Each structure stands twice: as C-alpha cells, then as structure tokens.
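Visitor: Numbering-wise (our numbering), the sequence shown opens with residue 122 and increments by one. Even glycine gets a Cβ: it sits at the ideal position worked out from N, Cα and C. Quick caveat, the model's predicted, so the values are computed rather than measured.
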Amino acid sequence: MQGNTLYIVLIPLILLALDYYILRGLYTAFKFTRKKWFLGLYWFGAIFIVTVLLLGVYSKMSVGARGAFLFLFFITFIFKLFYALFIVIDDLRRFITYRIRKNKLTDTAPAPESFRSIPRSEFLMKAGILAGAVPLYLLKHNMSKGIYDYRIQNVDLYLPNLPKVFNGMRIGQISDIHSGSFHSVHDMQGGVQMLLNQKTDVIFFTGDLVNGQTSEVNRVIDVFKRVKAPLGVYSILGNHDYGDYGNWGSPADKAKNLQDMYQAHKTLGWDLLTDEHRRLKVGNEEIGILGIGNWGQMSRFPKYGKMEEAVKGTDDLPVKLLLSHDPSHWRAEVIPKYPQIDVMFSGHTHGMQFGVRTPDFQWSPIEYVYSEWAGLYREKHQQIYVNVGYGFLGYPGRIGILPEITVFTLKTGEDPTFKA
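(1) Between I221, M419, G328, R400, which lies nearest to F433 when the distance is taken from Cα to Cα?
(2) Would DSSP call L478 helix, strand or coil?
(3) Does the pairing of the region 519 to 534 with the region 449 to 462 give three or more beta-carbon distances under 8 Å?
(4) Quick check on the burial criterion: 16 or more other C-beta atoms within 10 angstroms. Buried or exposed for I135?
(5) With DSSP as the reference, identify every bridge partner of G496, one or two as the case may be.
(6) Give me the DSSP bridge partner(s) of H398.
(7) If contact is defined by three or more beta carbon pairs under 8 Å, each pair taking one atom from either stretch, is the region 442 to 457 in contact with the region 417 to 430?
(8) When you compare only the Cα positions, how much space is there between K532 and R499?
(9) Pairs of beta-carbons, one from the region 323 to 341 and one from the region 294 to 302, closer than 8 Å: are there three or more?
(10) Tell me the residue span of the beta strand (DSSP E) that contains F529.
(11) Strictly by DSSP, which residues pair up with E406?
(12) Use the C-beta contact count for A189: other C-beta atoms within 10 angstroms, 16 or more gives buried, fewer gives exposed.
(13) May I have the straight-line CA-CA distance separating I505 from W369, to the nearest angstrom?
(14) With 16 as the cutoff for other CB atoms within 10 Å, does S238 come out buried or exposed?
(15) Buried or exposed, going by whether 16 or more other CB atoms sit within 10 Å of the CB of Y141?
(16) Please report the distance separating the alpha-carbon of K320 from that of S180.
(17) Using the three-state DSSP reduction, which class does I318 fall into: helix, strand or coil?
(18) Is it true that the region 190 to 206 meets the region 167 to 178, where meeting means three or more beta-carbon pairs spaced less than 8 Å apart?
(19) Under a Cβ-count criterion, where at least 16 other Cβ atoms within 10 Å of its own Cβ denotes burial, should N224 be classed as buried or exposed?
(20) Can you check whether the CB of G409 is closer than 8 Å to the CB of V440?
(21) Going by alpha carbons, who is nearest to D396 out of Y383, K387, G412?
(22) Buried or exposed for P486, please, with buried defined as at least 16 other CB atoms from any protein chain shown within 10 angstroms of its CB.
(23) Taking buried to mean at least 16 other C-beta atoms within 10 Å of its own C-beta, is I324 buried or exposed?
(24) Hey, out of W416, K346, Y366, whose CA is closest to D392's CA?
(25) If we count the other Cβ atoms within 10 Å of its Cβ and call it buried at 16 or more, is P524 buried or exposed?
(26) For Q503 and N282, what's the separation of their Cα atoms in angstroms?
(27) Helix, strand or coil: which one does DSSP assign to L442?
(28) Starting from N378, follow the alpha helix (DSSP H) in both directions and report where the run begins and ends.
(29) Considering F345, what are the terminal residues of the alpha helix (DSSP H) in which it resides?
(30) Out of curiosity, what's the CA-to-CA distance linking F207 and T149?
(31) Given this structure, state the Cα-to-Cα distance separating F216 from F203, to the nearest angstrom.
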C-alpha cells in the first residue's frame, strides 16, 4: 500500500466524524435510527465506504475497478454533503433561536424547559434526505449520455527545435477505445467522424483497444478502419491489450490472443510501434515518432516497454514524439533518463470518467493517484499530454470528464504562455 500514513489515518477519522454528525440528524427524522439493527448497518456501511476509498486510492487493482470504487465513494459522499448541509442549517437555526430567547430572559429567571431543549426540525431532516437524493438521480440520469458526448480538445504544441516545414502540422490523438464496453456501435461512430472532419496530417492511438481479449474488437473494427490520415496512423498497446485480464485455457491461448492483437492493428491499417520508432519526413526534414509497450510505474501494471530500444538510431532527429500509454512512465523514467524526448502522448487514466473539466479548472479523484491525468503538463523542456479516452471502462458512464479527441497544432518556437 502506497501513500502518506498520516492521510490514511486522518481521512477516515474525518469521514467517520461526518457520519456521526449525519447520524445525529437522522435520529430526529426517523425513530428507527436508534434501533440496534439500524446502528449496526449504518456503521458497517460507513466503514465499508471508507474502506472503498482507501482501496481505490492505495491498493493494487485495475483502472476499471479503481474507477468503480472511487465512483461509489464519491456519489455516497455527495449525498452526505447535501444532507449535512441541512443539518448545519438546522443547527444554526436552533442556535440563533436559543440566543434570542435567552437574551429575553432575566438573569434570575429560569429558562422554560422548551427553551432549554430545542429539538432538530424533523421537516428539515427529511427534506435533507430528498435534497441529497436529487444530485444522485441527476448523476444516474445523465452519466450514460456522457459516454458518446465526444469533445474536441485543441492544443497548440510549441517545440523550439521543430523544423519550420513541420510548423502548422496537425496531429490527432485518440486513446482507450475499450471495444468490449460499447453497447452502441452506431453512436460510437460519431466520434470517428468528428476526428476525420479535423483533417489532421497524422493520428496517434495511445493504447487500450480492448478490455481483456482481442476478439472484442471484431464488432467495431469496421468503424475504426475509417481512421486514416495522409501521413499515417501510429499506435501502441495499452495494459489491457496484452490479454493479462482475460481468462485463458493455456499460455498458448494467451500468446495467440496477442498475435491476434498485432493482426488487428494491421487490419485497421495502423502502424503499431512496439519499442521502435519511425521517421516522419516532410520535404528534406525529419522528426521521430517513438512508441513503446506498456510501462506503468505502479506494480500492478506491467512494464513491457523498452525505451532503450525505441530511442536507438534517433540521436540525429531534432524532435522526438513518444507514444506511451501510462502517464506515470513520464515522471518515473522519461524525465530522469531520456531528456531527448520532447513530448509524450498518453491515455490510461480516463480522468476516472468523473470530475470537472473546464478551460480554466479541472479536478477528478484520479488526481490523487496520477500527477498527470488530463491535458498538457510541462517539466522544464519536456511535455506530456494525457488524453482522457474515447471509450469507457468499469462503470458505463462519464460525468464531467467527457470522451476526448485531441487535435494538436505543432508550432516552431517557445510557448509564449510558459513561464519557467
């Protein structure tokens, strides 16, 4: 288990204190909440939800399971926050009423019994239950709509060493298709058409074509065969593409599944990069496109990628663009060992399919797991972009973090907005 021990102790204490505060409010609204059977269920549920949070943040599990655990915690937490707000309002009401009545009494006159004990408002407590349920209903009602609500993210990518002939080149990126999750092939075609409408020069696919086995791609392969670009489509494998999460009768079956995955990329017409590079040539100038197998810093994700192989023969290239599925690879290996990499393109996080993302602000629970989880980040002269994914995994929905198609415009020079 990773993480700061202080947080592991402090956060559960705060959450359980909130549960105790809410329980005091429930006492007023419902008589049965004082029964032993209810108290047992209540505290079992409270401890279970705290455990779900700790497992979702600190334990070893797949991204899908992690997303489901954290999503369960946060929808529960939203309800509790709304309900706690009503308890706070009632406590303030009671306090103000008490102070007003107390000031009206003489110093010697005893306060009437009704003044000394001002009970919580049963109406407010029951209204709080309804108020807490409203956002949960809205989340449930709208989350499935988000999975096909594709959005274009336009990003200017400044590269000081970029040959001028590449200035203005447009690169499209999609990631994390997760073919096995889709229940509407028709609806998923909309994102492909949006990508094609951008008329990019090159397209990158940064891994996780399937959930667990290659056969999942068969039902959508005709859709993604349309993904073409004048200078090529370059792809890599993600952690889900190796068959590690599938059920296999023998090692030979798993090995065949991987060979089928290689063939699937050929059928799609995509140039799969496995610890190798390509030279992208325009006129007399070249830049490098490097791609590696999955490499995740966390022990539960495999380290198949071999950067030392991918960078061979690239020393003469002025710009090197790396496709690597897991963004944790950037800070763990690329920054300290491979300063020649200019930009890394990743996916993997899905933005947990839950959070807030605007041009000026973004937040998701996944940021407590990954330092780089959505959008563009920079460390000195190196950059990484994390695409939050085309598909979905774990729970069938997206709330706030919508499926993404990224379009980069390469620009020669320094980023005028960057402050070192």
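Guide: For this structure:
(1) Reading the sequence as shown, one finds Lys at residue 433 and not Phe. Per the Cα distances, R400.
(2) According to the sequence shown, residue 478 is Arg rather than Leu. Correct three-state label for R478: strand.
(3) No, because fewer than three Cβ pairs between the region 519 to 534 and the region 449 to 462 fall closer than 8 Å, the two stretches do not touch.
(4) Exposed: under 16 other Cβ atoms inside 10 Å.
(5) Residue pairing by DSSP places G496 opposite V507 in a beta bridge.
(6) L411
(7) A contact exists between the region 417 to 430 and the region 442 to 457.
(8) 16 Å
(9) yes
(10) Note, F529: beta strand (DSSP E), 525 to 533.
(11) Paired residues: V403.
(12) buried
(13) So the two alpha carbons sit approximately 35 Å from each other.
(14) In this predicted model, S238 has a pLDDT of only 43, less than 50, meaning its place in the structure is not dependable enough to derive any value.
(15) exposed
(16) 42 Å
(17) The amino acid at residue 318 is misidentified as Ile; the sequence shows Asn. Residue state, collapsed to three classes: helix.
(18) yes
(19) Exposed, by the Cβ-count rule.
(20) yes
(21) G412
(22) buried
(23) buried
(24) Comparing alpha carbon positions, the residue from W416, K346, Y366 closest to D392 is K346.
(25) buried
(26) 12 Å
(27) Of the three classes helix, strand and coil, the one that applies to L442 here is strand, per DSSP.
(28) 372 to 389
(29) 342 to 345
(30) 12 Å
(31) 20 Å
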